[in-house]
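Residue numbers (the numbering used here), protein chains in the order written: chain A, 20 to 251; chain B, 916 to 1203; chain C, 3 to 576.
The beta carbon of each residue, even a glycine, is placed where N, CA and C say it ideally should be.
Small disclaimer: the values here were computed from a predicted structure and weren't measured.
Before any comments, here is the structure.
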Amino acid sequence: MLITVKNLDVGYRDKQVVFGASLNVDVGEFISLIGHNGAGKTTLLKAVCGFLKTEGGQVIYKGADITNRSPAVNVKDGLSFVHQEKSLFPNLSVLENLQLAAYAVGKAADIERRLKVVYGLFPILQERERQMADTLSGGQQKQLAVGMAILVEPELLLLDEPSLGLSPNLVKDLGGVLKEIQKMGTAILLVEQNVKMAISLAQRIYVMRTGQIILEDTHDNMMNRENLWDLF
Amino acid sequence: MSLFLLLLTRGIITGSLYALLGVSWGIIYNTTRTFHFAHGFIYTLTSYIILLFVGISVPLIPSLLFGLLAAILAGCLVEYLAYLPMRVKNASQLSIFLTAMGIMIAGQSLIHLIFGPDSRPLTGFPEHIISFGMITFTTIDLFTVVLSWLVIGLLFAFLGRTKAGMMIRAVSSNPEKATFIGIDSRKIFVLVFGIGSFLVGIAAFLSTLDKPANPHIGLGALLISFITVFLGGVGSLKGAVLGGMILGVAESLVIIVLPTEYKMMVTFFILFLVILIKPEGLMGKKNA
Amino acid sequence: MEYLAHTLNLAFIFVVLTVSLNLILGYGGMASMAHAVFFCIGGYISAIVTLNLGCNFLIGVLMAVVATAAVGGALAAPFIRVQEEYLILFTIAFQMVVFHLMMSLYNITGGDSGIFGVPSPRLFGIVFDTPVRFLPLMTIFVIVVYYVAFKVTKSPFGRVLKGIREDERAVSSLGKNVIQFKVIVFMVGTGIAAGAGGIFAHYTQFISPAIGSLDESILIIAMVVLGGTANLWGSALGAFLLIIIPEILNFLPGASDLIVPLRGFIYGALLIIFMRFRPEGLIPEYFHLKRTERGRQKAGISSSPKVMDVGTPKAYQAEPGSEGPILEVKGLSKSFGGLKAVDDFFMGLERGKITALVGPNGCGKTTAFNLVTGFLKPDGGHIRFRDKSITNLPAHKMPQIGIARSWQDVRIFQGMTVLDNLLIARQNQSGERLIKLFAMPWQVKREEQENRKAAALYLNWVGLGEKGFEIARNLSYAEQKLLAIARLLTTEAQVLLLDEPSSGVDPNWVEQFMGIIRDLAASGKTICIVEHNLEVVRGISDTVYFMAEGRKMAQGSADELMADPKLGEIYFGV
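Below, the structure written as structure tokens:
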């Protein structure tokens, strides 16, 4: 397994949000995490990446215990995260945003090749290279955020509800791009509110409710499932 | 008409200095969101250090360099020893403001105690009058405008074209994300305090060439600094430059309409209105 | 002796200024850098009135207080509208504008020379023209000010202020007009400062703009902070320290020339040391709280209140039935920019029933919730409660008519006791109106006792009866959620709107929590919940409204809706 999360407890001050959550993602796998709003999906993701402290449990990545390790170190180790909001530098240009993303892993020399990859997936970003990030449309900003996250050539990419605010067409395109990224060898852990999309893209699906993981199932089983309401 | 041109010229000259003051405080505020009120003390300190060295017969340029060095050092120390520990403890805006005020008052009082209250002029710069038809100004005025814009230009070049400059802009733009990608905010904060103090030191130098220094000049400079930033736009250095020019020219031209006593009042009234109506300033963005 | 009296008089004036600013800053939460200006204005009004009308100084001072409080009230509105981070700057700008104005209006104010010959106070034939003679007058003034300040702060009015300091929106949602409270506190604070100004002018027989400068305002703020915000005795200590310490310098040999900068240096250093190392001031509020606990014990109120048996409160009796929904929403709409968040929305809440509002992200249910509870103004449509229109009713009026809401993030007042959290939720308290507070203290006391009984009742109902005097922040999260429910009940509102009530509830406790909400409905309350956790929705709701794209897509029981494939497509995507 590329990453294993064991019995993670996460809370804010005195309010616990995630109760003993366990999941895993294998190398190159596409995993989705679904569940009702407020179930703790974002909190779980943030704790895995080191943005939030855990109260208990473990995160094992590439054989090493990375529980509570800082996000900056995790990025260098191939663990990249796309936030729901505020994931860009709005007053800087598209190119500068990407350059800064590369800064995180200190591989500025390799940036030309990596930029080609990102521009290949998101051609519009190359068109608008010199534009300020906050002048891009919502969908384009999402593309930039994902572009920044894959610039560092991560082994595992975590995304928090990337389809939020996107039109259905853009959502479909995004799904296609994520599949392309998976083909390049990156494992993906996707938290999505668009349940059908999350299920159709993934090989395995976890369901969360009231802070707990209540189900783990395969793509086929979930696609054929009669009643999704019971999971929410 | 000639009065208008004269006042306009005056306005442009003061406006240039105000623009410099604005960016000196603006770069600190935009990046760190700290109400650095001790900035006024750095201004006074620089003037006095320069005067000290000139007083012992050190030539003007090395004295200036010593003054700037003192400014940078003092600015970085204020951040490192005073603001940083308070931010770490989540101190309120008011607490940080009062600490800054304390530094300002204690610092300027100290200067008063050491150097006395009398005004001290800075001599040693060739002072001649230049005339272009109806417009007159001095070499010091010319030097002020040229150096101010040169330094402002250098600042923008630094921010736009260097890696350090980009990192500063990143921290300004999204401080959380900057930390997440591994930028050391603490170092960046100290850096901008250093840069801002350097800039205000230059402004102090230019001002003292023109008008003698006294222990209390810092407050006026400080007020101009942040009025300029808030007028022109929080989060935008270009806005600070614009704000400085507008303030300088407006202050000068207002004399046509109102008696001189009302000058300061007008400046503050403008600030009062700006905060009430559009607190993010002319070129600022909401939640910048 | 005269010198000592003079120093004391000076210190007392600053005590009054510090206390009055503490009311505005420490209790009202407004960082005003302009306090000295009101002090100065008061002095000028009293001086000008007594000089031109020849009346007694008391009239002059009274006019100063009233006129300045009125001006303060008029100015409070812009003060309050300005965001917190700009407030310091805004009040500095105001301070400087007025200061420079006073310096410029030579004909009225005498410019920076000021006005001489302000008459000394005259009472019962005695002229109080020396510091020693003035001292008793000053002492009485300080006592009066302290009386007023304590009355204001240790009352239901003060309790609301405390809530405002912590969480304005929560206070609003409990039926209090936050802006009104802030304006009143501001008026009281500036009025007192003006009174001090008047007294000072008659004491020194002179008034000039110098006492209204930015430096003076900052000095007063420093005194407040030094003594501790929201700590009235501390204010006296702060004022004394910052007046006496520099005065001691007068005794240092050879210091006369350097007095001003020396004082400046010490005062600046004190500011730095305190703010950097002890920002809570000399006497922290926590210490104060402990003493209050002992005070309560002395008053005969035990720390763990016994269960009070006062029978069923009227809220528990089912409402006499009338036809139709108690709350109706018709054609409600709201747009933000070009986006229509709520579009022609219809909903009706039946008495004694639990209605749930569900829908995918962005469907508009939160916006609809905020529209119905008065936190947003609708662009179109109607809201009717008990057959009366309440369409544009502001949020703080809702509990007053019987509609109350809870918050997803609880929002209880962490720094207050559990009991105070509930007491603040009682409606129509005389003690929250200053005039009644001072004029009819017996009524205030009586109401307070009745309110305590009601609060204790609701506290017992949720099972927190033992924790009445516990500080709210010490409660566990689950207990805080219960407290929030008790607080809602304490408003005696008939209609309760709960925003994601199960949020943050741990899985072991969800069942119990659902039971509590069911009990609320059983006792006659009408409940509406916005929920994402469909297990909770299935478990407790009588009717479910399914929203998408700002409109009601379907209405029915949970089972009915979840059997509809079209709704499934909307909720889960295609």
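Residue-chain proximity (A:Asn110, chain B), Cβ-Cβ < 9 Å | yes
What are the boundary residues of the beta strand (DSSP E) that includes C:Lys399?
-> Counting along the chain, C:Lys399 falls outside any beta strand (DSSP E), and DSSP gives it neither H nor E.
Integer-rounded CB distance, given that B:Ile1018 should sit under 8 Å from B:Phe956 = 6 Å
Limits of the unbroken beta strand (DSSP E) element including A:Arg228 | Arg223 to Arg228
Residues near C:Leu466 by beta carbon distance below 7 Å, same chain, minus five either side = Val420, Glu481, Leu484, Leu485 and Ala488
Using the beta-carbon of each residue, which ones in chain B are nearer than 8 Å to C:Pro80?
-> Leu1191
Measure from the C-beta of B:Thr961 to each C-beta in chain A and report whether the shortest distance is under 9 Å.
-> no
How many Å lie between C:Ile572 and C:Cys365 at the Cα?
-> 10 Å
Per-residue contacts from B:Asn1089 into chain A (C-beta, under 8 Å) = Lys105, Leu107, Phe108 and Pro109
Under a Cβ-count criterion, where at least 16 other Cβ atoms within 10 Å of its own Cβ denotes burial, should A:Arg149 be classed as buried or exposed?
-> Flag for A:Arg149 reads exposed.
What whole-angstrom Cβ distance do C:Val154 and C:Leu25 have, given they're in contact under 8 Å?
-> 7 Å
Within 7 Å of chain B by C-beta, residues of the stretch 76-91 of chain A in sequence order = Pro90 and Ala91
Return the CA-CA distance between C:Ile43 and C:Asn423, expressed in angstroms with no decimal places.
-> 39 Å
Since I believe A:Ala206 is in contact with A:Gly47 (beta carbons under 8 Å), could you give me their beta-carbon distance rounded to a whole number of angstroms?
-> 5 Å
How do the stretch 93-102 of chain C and the stretch 30-44 of chain C stand: do at least 3 beta-carbon pairs fall below 8 Å, yes or no?
-> yes
For the stretch 98-108 of chain A and the stretch 177-196 of chain A, state whether three or more C-beta atom pairs, one from each stretch, are separated by less than 8 Å.
-> In short, these stretches touch, since the Cβ pair count reaches three.
Can you name, in chain order, every residue of its own chain whose Cβ lies under 7 Å from the Cβ of B:Pro1073, other than the five neighbours on each side?
-> In the sequence under discussion, the amino acid at residue 1073 of chain B is Phe, which differs from the Pro named in the question. Result list for B:Phe1073: Gly1080, in chain order.
Along the stretch 167-183 of chain A, what residues have a CB closer than 8 Å to any CB found in chain B?
-> none
Are the C-beta of C:Ile223 and some C-beta of chain B separated by less than 9 Å?
-> Against chain B, the CB of C:Ile223 has a partner CB under 9 Å away; the residue lies at that interface.
Identify every run of the alpha helix (DSSP H) within the stretch 148-224 of chain C, keeping only runs that are complete inside it and at least 4 residues long; order them along the chain.
-> 158-168, 170-174 and 180-206
Sequence-distant residues of the same chain with beta carbon closer than 7 Å to A:Leu107, five excluded per side = Asn116, Ala152, Gln160, Leu163 and Ala164
Does the separation of the CB atoms of B:Ala1155 and B:Gly926 fall below 9 Å?
-> Between B:Ala1155 and B:Gly926, the C-beta spacing is not below 9 Å.
Got a sec: is the Cβ-Cβ distance from B:Glu1195 to anything in chain A below 9 Å?
-> no
Beta-carbon proximity list for C:Gly31, same chain, < 7 Å, skipping 5 on both sides | So the list reads Ile166 and Arg167, once near-sequence residues are dropped.
Could you tell me how far apart the beta carbons of C:Ser48 and C:Gly193 are, in whole angstroms, since I believe they sit closer than 8 Å?
-> Contact between C:Ser48 and C:Gly193 is absent: CB atoms are separated by about 13 Å, not below the 8 Å threshold.
So is A:His102 in contact with chain C if we call contact Cβ pairs under 9 Å?
-> no
Using a cut-off of 8 Å between C-beta atoms, extract the partners of B:Val1028 located in chain C.
-> The residue asked about is misnamed: residue 1028 of chain B is Leu in this sequence, not Val. Neighbours of B:Leu1028 on chain C, chain order: Leu260, Pro263, Leu264 and Phe267.
Can you tell me which of C:Leu27, C:Phe188 and C:Tyr269 puts its alpha carbon nearest to the alpha carbon of C:Ile250?
-> C:Tyr269
Contact under 9 Å by Cβ, B:Ile964 with B:Gly982 | yes
B:Ile1026, buried or exposed, once every other Cβ within 10 Å from all chains shown has been counted against 16 | buried
Neighbour flag for B:Ile1020 against chain A, beta carbons, 9 Å = no
Where the beta strand (DSSP E) containing C:Glu330 begins and where it ends = Leu329 to Phe338
Rounded C-alpha distance that separates A:Glu172 from B:Leu1065 | 42 Å
Burial state of B:Lys1092 (16 or more Cβ within 10 Å) = buried
Grab the span of the alpha helix (DSSP H) containing B:Val1181 for me, first residue to last.
-> Lys1178 to Ile1192
So what's A:Ala58 in DSSP terms, helix, strand or just coil?
-> coil
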